[in-house]
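Step one of this worksheet: look at the structure below.
Protein chains: 4
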Amino acid sequence: MTAKTPDSTRRSERSRRAILDAALELVGESGYQRLTIEAIAARAGVGKQTIYRWWPSKAAVLFEACLPEGTDAESVELPDTGDLEADLKTVLRATVDELNNPRLDAPTRALTAESQNDLQLARALTEKVLEPQLQAYVRRFRTAQQAGQIDARTDPRIAVELLVGPLFHRWQTRTFPLTHEYADTVVDLALRGLAPR
Amino acid sequence: MTAKTPDSTRRSERSRRAILDAALELVGESGYQRLTIEAIAARAGVGKQTIYRWWPSKAAVLFEACLPEGTDAESVELPDTGDLEADLKTVLRATVDELNNPRLDAPTRALTAESQNDLQLARALTEKVLEPQLQAYVRRFRTAQQAGQIDARTDPRIAVELLVGPLFHRWQTRTFPLTHEYADTVVDLALRGLAPR
Amino acid sequence: MTAKTPDSTRRSERSRRAILDAALELVGESGYQRLTIEAIAARAGVGKQTIYRWWPSKAAVLFEACLPEGTDAESVELPDTGDLEADLKTVLRATVDELNNPRLDAPTRALTAESQNDLQLARALTEKVLEPQLQAYVRRFRTAQQAGQIDARTDPRIAVELLVGPLFHRWQTRTFPLTHEYADTVVDLALRGLAPR
Amino acid sequence: MTAKTPDSTRRSERSRRAILDAALELVGESGYQRLTIEAIAARAGVGKQTIYRWWPSKAAVLFEACLPEGTDAESVELPDTGDLEADLKTVLRATVDELNNPRLDAPTRALTAESQNDLQLARALTEKVLEPQLQAYVRRFRTAQQAGQIDARTDPRIAVELLVGPLFHRWQTRTFPLTHEYADTVVDLALRGLAPR
DNA sequence: ATTTAATCGAGACGGTACGTCTCGTCTTCAA
DNA sequence: TTGAAGACGAGACGTACCGTCTCGATTAAAT
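Chains as they are written, first to last, in full-length UniProt numbering: chain A, 1 to 197; chain B, 1 to 197; chain C, 1 to 197; chain D, 1 to 197.
In structure tokens, the structure reads:
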């Protein structure tokens with residue numbers, strides 16, 4: 001019984017990049033539903049097997065294509081000017097801008113959607129993208145708690161969710177536009193809710 | 001240009017029910033990815049065309065299958081005992097229970113996911129399910145504002161999102177369990193944020 | 001057990017004609033393969049059931065559409081001027097013209113083809129069209145035998161086939177053009193073969 | 001404009017044989033009308049696309065299935081014992097036997113019928129099967145003409161048709177049984193018609 | 001002239017097969 | 001030995017027709 005693990009030292013970096021680029025291009029052009037392994041292979045000038053050898057699904061390809069190359073779980077850090085409100089507004093406004101970026105919209109929504117039904121992908125997304133971000137918030141909130149800026153008894157994790165949940169909800173449901181003003185209002189309300197008692 | 005709209009007065013209610021039932025059964029058994037129109041037709045003892053005649057996609061079938069028959073947009077109403085906190089906790093706990101119901105899990109996640117890529121479906125979901133619920137919250141918040149229980153200047157819509165956003169986020173990301181306790185905490189924090197100033 | 005024989009006294013002649021006309025038109029436009037009962041019904045402005053009620057197959061419709069209205073089995077008669085050669089050449093040349101008529105080509109070939117696989121149709125064709133014609137030849141040959149113009153011991157039936165077989169073959173195989181000259185040559189050769197010994 | 005011609009060097013001979021065998025079996029079992037590409041694929045244990053890749057229609061599959069493997073256009077030759085009558089009777093009797101062979105009946109009739117409406121198939125049939133046979137007759141007749149056994153001015157092609165036309169006619173119309181005796185009679189009459197003058 | 005029962009146009013229905021598309025695996029050949 | 005190319009078995013897609021089955025609305029014969 002041969003496990004057939006491919007030898008990654010001999011992997012063609014050229015093909016890898018071509019595949020990831022093709023995937024991003026295609027998802028932007030025709031959407032995730034019409035994105036197929038065959039189309040990626042054709043566009044990348046690559047055999048289908050070269051994709052199947054290294055990725056388990058088209059979602060996995062797209063996921064890797066979306067990851068900025070040099071991203072590191074530990075590298076995510078929120079600003080800490082001492083002014084919690086200002087810091088959070090800065091960060092949430094940036095998040096709003098990112099969610100509104102039309103180039104990232106298709107792949108991001110595709111991955112979010114797919115992760116509902118693909119637990120593997122969900123785990124990867126959580127671990128590599130979501131949690132590092134949320135943990136950065138958690139650390140910032142802990143600092144704020146130590147500084148007495150917010151109630152010390154509140155679980156910082158829940159504090160984070162109070163903040164990002166509403167944004168995420170609006171982005172997902174497309175019910176109302178996602179603006180800087182909205183981000184500011186959410187920060188205001190949340191901080192009032194978290195205020196020391 | 002012939003639109004070829006089928007005559008709905010001659011529609012077979014028998015087949016309609018069989019199709020919706022089959023869809024629900026199958027999505028529970030094998031998940032949304034493996035749900036096919038052919039399988040639905042076979043299970044329902046129905047020709048494929050009968051599905052294509054009345055629904056544009058398998059997502060649309062599943063959507064209708066999930067809608068409780070007698071649901072009416074106007075019929076959704078939140079309790080109003082005068083005690084805002086108690087009312088919200090009651091409702092959010094019920095929501096938590098629904099999201100944790102394993103029978104509804106597969107179809108709900110499937111529809112949520114699909115609506116990311118299918119704008120038609122997204123619109124239907126928003127209009128028929130999401131908005132009626134959110135508007136009920138909005139009405140309850142307005143009552144509370146008139147009663148001076150929460151700040152009158154805050155947009156009730158944002159208030160709603162402060163409440164349901166975190167729940168939705170946890171359910172979607174599966175990062176932590178969705179409990180009654182969590183719902184209560186979210187209500188506490190949100191109401192503190194919304195308190196009159 | 002009700003045989004459900006439709007009552008032909010109440011039959012709509014209007015619909016009958018519309019169906020037969022539509023069938024002929026459609027087979028001329030798009031060929032037999034693309035001729036469908038649904039298309040005939042649509043073109044004729046008739047319900048499908050009205051076709052199924054009165055004909056067993058699209059071949060049967062086409063067959064009836066091809067039958068000249070007042071044709072009678074007994075009415076077919078060959079000319080008899082006393083000059084056998086001239087009479088046969090007249091008739092075969094007429095047959096050649098008919099086979100070359102482009103308006104009849106599609107339906108005739110369709111029925112010929114279909115009758116290879118549809119024994120019902122084959123029987124009808126033989127009985128209503130083919131045999132009356134061949135029997136007229138047989139009668140003409142018998143007269144010629146009595147007049148001592150051809151060998152009396154030869155089966156007239158085989159004589160007929162010697163004559164029409166080659167024409168039929170050329171028409172079917174489309175190997176060479178079917179001309180008056182060809183008909184004449186066949187008559188010459190056949191009559192030489194049938195000459196009294 | 002890409003023609004998408006498949007690479008025949010990589011074709012699976014195994015699948016090709018399985019498909020042809022399945023086609024012959026099925027046409028024998030249920031007739032041509034009920035022969036479907038899906039059934040052939042299923043019986044052959046092959047994907048449908050493998051059939052569509054290499055053949056344009058079920059008729060084309062059946063045609064190839066009927067062609068004896070090593071058949072060559074030049075290899076068809078009639079016997080030449082010097083005795084024209086005997087040689088022709090031998091060959092026509094063999095043809096009669098072949099046409100009466102129940103195993104070949106269904107596919108042969110199907111192909112004959114189909115070639116009335118499918119010009120591609122008609123051309124293939126003529127070129128690969130019919131003409132080689134007829135040309136062999138033509139060569140035999142030319143020899144006979146040089147030997148002064150039949151009239152030198154008669155087009156050998158027409159001579160052939162005088163011979164095979166009647167047989168073909170009887171086989172097609174199923175009006176009377178096709179026997180050795182019939183073949184002999186046709187040869188007798190035809191040769192008398194072709195005799196030197 | 002009214003009744004009444006069948007045919008009529010229409011088209012939804014349960015099915016079958018179509019021809020296409022994409023999947024994930026397997027094989028061949030060139031670098 | 002890898003990777004491009006692509007044939008393969010598999011099977012779902014959405015469409016086209018099949019032949020059967022209701023539906024009212026004529027429509028023509030029998031009352």
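Quick reminder that beta carbons are idealized off the backbone N, C-alpha and C, glycines included. All values derive from a computational prediction rather than experimental measurement.
Check the Cβ-Cβ distances between residue i and every residue of chain C, and say whether any is below 7 Å.
i: residue 169 of chain D; result: yes
i: residue 161 of chain D; result: yes
i: residue 190 of chain D; result: yes
i: residue 82 of chain D; result: no
i: residue 116 of chain D; result: yes
Would you mind sorting residue i into buried or exposed? The rule is 16 or more other CB atoms within 10 Å of its CB.
i: residue 167 of chain D; result: buried
i: residue 48 of chain D; result: exposed
i: residue 9 of chain B; result: exposed
i: residue 209 of chain A; result: One cannot answer for residue 209 of chain A here, as it falls past the ends of chain A, which runs 1 to 197.
i: residue 179 of chain C; result: exposed
i: residue 137 of chain B; result: buried
i: residue 101 of chain A; result: exposed
i: residue 5 of chain B; result: exposed
i: residue 161 of chain A; result: buried
i: residue 152 of chain C; result: exposed
i: residue 183 of chain C; result: buried
i: residue 41 of chain A; result: buried
Using 7 Å as the limit for Cβ to Cβ distance, is residue i near chain A?
i: residue 179 of chain B; result: no
i: residue 217 of chain B; result: Absent from the model: residue 217 of chain B. The displayed extent of chain B is 1 to 197, so no value can be given.
i: residue 158 of chain B; result: yes
i: residue 145 of chain B; result: no
i: residue 165 of chain B; result: yes
i: residue 120 of chain B; result: no
i: residue 196 of chain B; result: no
Would you say residue i reaches chain B, if we count a Cβ-Cβ gap shorter than 7 Å as a contact?
i: residue 26 of chain A; result: no
i: residue 36 of chain A; result: no
i: residue 185 of chain A; result: yes
i: residue 52 of chain A; result: no
i: residue 149 of chain A; result: no
The alpha helix (DSSP H) spanning residue i covers which residue range?
i: residue 105 of chain D; result: 102-117
i: residue 49 of chain B; result: 48-54
i: residue 28 of chain D; result: 13-30
i: residue 10 of chain B; result: Note, residue 10 of chain B: premise wrong, no alpha helix (DSSP H); not H, not E.
i: residue 82 of chain D; result: Neither: residue 82 of chain D is in no alpha helix (DSSP H) and is coded neither H nor E.
i: residue 33 of chain B; result: Here residue 33 of chain B belongs to no alpha helix (DSSP H), and DSSP marks it neither H nor E.
Excluding five sequence neighbours on each side, which residues of the same chain lie with their C-beta closer than 6 Å to the C-beta of residue i?
i: residue 141 of chain C; result: 156 and 159
i: residue 122 of chain C; result: 115
i: residue 144 of chain C; result: 84 and 150
i: residue 50 of chain D; result: 15
Roughly how far, in whole angstroms, is the beta-carbon of residue i from the beta-carbon of residue j, given that I think they are within contact range, below 8 Å?
i: residue 163 of chain C; j: residue 92 of chain C; result: 7 Å
i: residue 193 of chain C; j: residue 193 of chain D; result: 3 Å
i: residue 133 of chain B; j: residue 76 of chain B; result: 6 Å
i: residue 126 of chain A; j: residue 175 of chain B; result: 6 Å
Considering only residues of the same chain and omitting the five flanking positions on each side of residue i, which have a CB-CB separation below 8 Å?
i: residue 187 of chain D; result: 85, 88, 89, 92 and 163
i: residue 103 of chain C; result: 28
i: residue 21 of chain B; result: 44 and 65
i: residue 52 of chain A; result: 37
i: residue 171 of chain D; result: 99 and 178
i: residue 13 of chain B; result: none
i: residue 124 of chain C; result: 60 and 63
i: residue 24 of chain D; result: 62, 65, 66 and 107
Are the C-beta of residue i and some C-beta of chain D separated by less than 7 Å?
i: residue 100 of chain C; result: no
i: residue 111 of chain C; result: no
i: residue 193 of chain C; result: yes
i: residue 33 of chain C; result: yes
If I measure Cβ to Cβ from residue i and keep anything under 7 Å in the same chain, skipping five residues before and after, which residues do I get?
i: residue 46 of chain D; result: 15, 18 and 19
i: residue 98 of chain D; result: 104
i: residue 110 of chain A; result: 27, 32 and 62
i: residue 148 of chain A; result: 196
i: residue 80 of chain C; result: 87, 140 and 143
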